[in-house]
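Going by numbering that gives the first Met the number 0, the sequence shown opens with residue 0, and the numbers climb by one from there.
Here's the structure, in structure tokens; my notes come after.
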Amino acid sequence: MVILDGKATADQIKIEIAEKVEDIIKKGGKRPHLAAILVGDDGASQTYVGHKERACVQAGFKSTILRFPAETSEEKLLEEIALINADNDIDGLIVQLPLPKHINEQKVIEAIDPMKDVDGFHPVNVGRMVLGLPSFVSATPDGIMELISRYKIETAGKHCVIIGRSNIVGRPMANLLSQKSNPGDCTVTMCHSRTKNLKEHTLQADIIIAALGVPGFLKGDMVKEGAVVIDVGITRVKADTKTGFRLAGDVLFSEVSPKSSFITPVPGGVGPMTITSLLKNTLKASGN
Ligand code: GUN
0 MVILDGKATA DQIKIEIAEK VEDIIKKGGK RPHLAAILVG DDGASQTYVG HKERACVQAG
60 FKSTILRFPA ETSEEKLLEE IALINADNDI DGLIVQLPLP KHINEQKVIE AIDPMKDVDG
120 FHPVNVGRMV LGLPSFVSAT PDGIMELISR YKIETAGKHC VIIGRSNIVG RPMANLLSQK
180 SNPGDCTVTM CHSRTKNLKE HTLQADIIIA ALGVPGFLKG DMVKEGAVVI DVGITRVKAD
240 TKTGFRLAGD VLFSEVSPKS SFITPVPGGV GPMTITSLLK NTLKASGN
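And the structure:
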């Protein structure tokens, strides 16, 4: 069994990106610039945006965080996005989700210039991704594809079972892994909360992507010997730690890992890879 070390892989990618940025600057090019909008004071969102800013600095990017109070109106937010869309110095823009309830998230996502949408959430980017055209692919699916690629995991002709049909993980993963590409060329089954006899599906899987957000959901008896297991779960569960919580994956690691050929841990698997995807997209948005 090989543990897919997302942390080490992400650190390596960050070094590669930092080298590219240094080279760009030496040649008189533009330093990539990511702007992040944060509305309200949700603890997890603040932490995530902090991680993204730190990664930008490590990669040699310029990073701007625009913070707004929770009661900011949708209109004001849309105005700010229009200003950033028109700002030639800013290459990429992300609006950290979730937004306060009075703001329509879809409207906000669609207000971002697709060329600056480094989260890959805009329908233009989602549509282009589905068609296999150049696009910004969202961070989690792109990070998983990169991890599979860097560990040279064979995917062609394999049966991949995805648990979860979210717009930001399950659906894009099903699309990417079924495309005529490497990684890709999988036969994909997408399972969800209404799937009957889920275990019958997972037992047939060469690759399982668990992205449903239920800690410890995938048990040892649901996995066939030698399967590749990718755990996308990052649920915060109460624990006796400094922060008062720990991150729990969707896979019961103690049972599943002995049966798997490759497996991602939580934390340190898919999570760190998502930030490097954001950096990759921002570098691309800057024209490099
Ligand atoms: N909230 C949780 N994940 C994400 C993400 O990838 N991008 C943004 N903008 N918000 C998030």
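Don't be surprised by glycine CBs; every beta carbon is placed ideally from N, CA and C.
field: Length of the line joining the Cα atoms of Val213 and Thr234
entry: The sequence position of residue 213 within the sequence shown is 214, counting from 1. The sequence position of residue 234 within the sequence shown is 235, counting from 1. Here the alpha carbon of Val213 sits roughly 7 Å from the alpha carbon of Thr234.
- request: Go ahead and label Leu132 buried or exposed: buried means 16 or more other beta carbons lie within 10 angstroms of its beta carbon, across all protein chains shown.
  value: Position 133 of the sequence shown, counted from the start, is the residue given in the question as residue 132. The residue in question, Leu132, is exposed, as its Cβ has fewer than 16 Cβ neighbours within 10 Å.
- prompt: Any idea if His121 is buried or exposed, counting beta-carbon neighbours within 10 angstroms, 16 or more meaning buried?
  reply: By one-based count along the sequence shown, residue 121 stands at place 122. With 16 or more other Cβ atoms within 10 Å, it is buried.
- request: May I have the straight-line CA-CA distance separating Val48 from Asp118, to the nearest angstrom?
  value: Residue 48 sits at position 49 when you count from the first residue of the sequence shown. Residue 118 sits at position 119 when you count from the first residue of the sequence shown. Approximately 13 Å, taken between the alpha carbons.
query: Under the three-state reduction of DSSP, which class applies to Met128: helix, strand or coil?
result: Counting from one through the sequence shown, the residue named residue 128 turns up at place 129. Reduced to three states, the DSSP call for Met128 is helix.
- prompt: Does the beta-carbon of Asp141 have 16 or more other beta-carbons within 10 angstroms, so that it is buried, or is it exposed?
  reply: Within the sequence shown, residue 141 is the residue found at index 142, counting from 1. With 16 or more other Cβ atoms inside 10 Å of its own Cβ, Asp141 counts as buried.
query: If we call anything under 8 Å between Cβ atoms a contact, is Ala35 one with Lys51?
result: Within the sequence shown, numbered from 1, the residue matching residue 35 stands at position 36. Within the sequence shown, numbered from 1, the residue matching residue 51 stands at position 52. Pairing Ala35 with Lys51 gives a Cβ-Cβ distance under 8 Å.
query: If we count Cβ pairs, one from each stretch, closer than 8 Å, do we get three or more for the stretch 179-197 versus the stretch 235-245?
result: Touching, no.
- prompt: Measuring from the CB of Tyr150, is there a heavy atom of the ligand GUN at a distance below 7 Å?
  reply: Position 151 of the sequence shown, counted from the first residue, corresponds to residue 150. Checking the 7 Å criterion, the Cβ of Tyr150 is out of range of every heavy atom belonging to the ligand GUN.
field: Proximity of Gln57 and Ala7 at Cβ, strictly below 8 Å
entry: Here residue 57 refers to the residue found at position 58 of the sequence shown. Here residue 7 refers to the residue found at position 8 of the sequence shown. Cβ distance not < 8 Å, so Gln57 and Ala7 don't count as in contact.
task: In angstroms with no decimal places, state the Cα-to-Cα distance between Gly219 and Met144.
output: Position 220 of the sequence shown, counting from 1, holds the residue named residue 219. Position 145 of the sequence shown, counting from 1, holds the residue named residue 144. About 24 Å.
- prompt: In three-state terms, what does DSSP make of Thr188?
  reply: Working through the sequence shown from its first residue, we reach residue 188 at position 189. Strand at Thr188.
message: Taking 7 Å as the cut-off, is the beta-carbon of Gln95 closer than that to any non-hydrogen atom of the ligand GUN?
response: Taking the first residue of the sequence shown as position 1, residue 95 is located at position 96. Correct: Gln95 has its Cβ closer than 7 Å to the ligand GUN.
Residue-chain proximity (Thr194, chain E), Cβ-Cβ < 8 Å: Annotation note: the requested chain E is absent from the structure, which comprises a single protein chain.
query: With 16 as the cutoff for other CB atoms within 10 Å, does Met0 come out buried or exposed?
result: Taking the sequence shown and counting its residues from 1, one reaches residue 0 at position 1. By the 10 Å Cβ count, Met0 comes out exposed.
query: Measuring CB to CB, does Ala226 end up less than 8 Å from Asp205?
result: Walking along the sequence shown from the start, residue 226 turns up at place 227. Walking along the sequence shown from the start, residue 205 turns up at place 206. Contact flag set, yes.
query: Going by other Cβ atoms of all chains shown within 10 Å of its Cβ, with 16 needed for buried, is Gln95 buried or exposed?
result: Taking the sequence shown and counting its residues from 1, one reaches residue 95 at position 96. When all chains shown are included, Gln95 counts as buried.
message: For a quick check, are the C-beta atoms of Gly268 and Leu3 less than 8 Å apart?
response: As a first step, residue 268 is located in the sequence shown; it is residue number 269 there, counting from the start. As a first step, residue 3 is located in the sequence shown; it is residue number 4 there, counting from the start. Against a cut-off of 8 Å, the Cβ pair of Leu3 and Gly268 comes out as a contact.
message: Checking 8 Å against the spacing of the C-beta atoms, do Pro171 and Ser137 come in under that value?
response: The residue labelled residue 171 in the question sits at position 172 within the sequence shown. The residue labelled residue 137 in the question sits at position 138 within the sequence shown. Yes, these two residues count as a Cβ contact at 8 Å.
message: When you measure from the CB of Asp40 to every non-hydrogen atom of the ligand GUN, does any distance come out below 7 Å?
response: Along the sequence shown, one-based indexing puts residue 40 at 41. No; taking the cut-off as 7 Å, the Cβ of Asp40 has no heavy atom of the ligand GUN nearer than that.
- prompt: Looking at Asp118 and the ligand GUN, is the gap between the Cβ and the nearest heavy atom below 7 Å?
  reply: If you number the sequence shown from 1, residue 118 lands on position 119. Yes, the beta carbon of Asp118 sits closer than 7 Å to at least one heavy atom of the ligand GUN.
Short Cβ contact (8 Å threshold) for Val231 with Val168: What you label residue 231 is simply residue 232 of the sequence shown in a count that begins at 1. What you label residue 168 is simply residue 169 of the sequence shown in a count that begins at 1. Yes, they are a contact pair.
field: Residue from Ile162, Thr154 and Glu199 whose Cα sits closest to the Cα of Ser177
entry: Along the sequence shown, one-based indexing puts residue 177 at 178. Nearest C-alpha to Ser177 among Ile162, Thr154 and Glu199: Thr154.
- prompt: Is any heavy atom in the ligand GUN found nearer than 7 Å to the beta carbon of Ala284?
  reply: Taking the first residue of the sequence shown as 1, we reach residue 284 at position 285. False, no ligand heavy atom lies under 7 Å from that Cβ.
Spatial neighbours of Gly156 in its chain, beta-carbon cut-off 8 Å, leaving aside the 5 residues before and after: Residue mapping note: residue 156 aligns to position 157 of the sequence shown, counting from 1. Non-local C-beta neighbours of Gly156 in its own chain, meaning closer than 8 Å and more than five positions away in sequence, comprise Asp184, Cys185 and Thr186, ordered along the chain.
message: the ligand GUN and Ala210: does any heavy atom of the ligand fall closer than 7 Å to the residue's C-beta?
response: Indexing the sequence shown from 1 puts residue 210 at position 211. Ala210 has its Cβ no nearer than 7 Å to any heavy atom of the ligand GUN.
message: Can you tell me whether Ala138 sits near the ligand GUN, meaning its C-beta is under 7 Å from at least one heavy atom of the ligand?
response: Position 139 of the sequence shown, counting from 1, holds the residue named residue 138. A heavy atom of the ligand GUN is found nearer than 7 Å to the CB of Ala138.
- prompt: Sorted by chain position, which residues of the same chain lie with C-beta nearer than 7 Å to Thr290's C-beta, five sequence neighbours on each side aside?
  reply: Beyond the ends of the chain as shown, which are 0 and 287, falls residue 290; an answer cannot be given.
query: If we count the other Cβ atoms within 10 Å of its Cβ and call it buried at 16 or more, is Lys115 buried or exposed?
result: By one-based count along the sequence shown, residue 115 stands at place 116. Buried is the call here.
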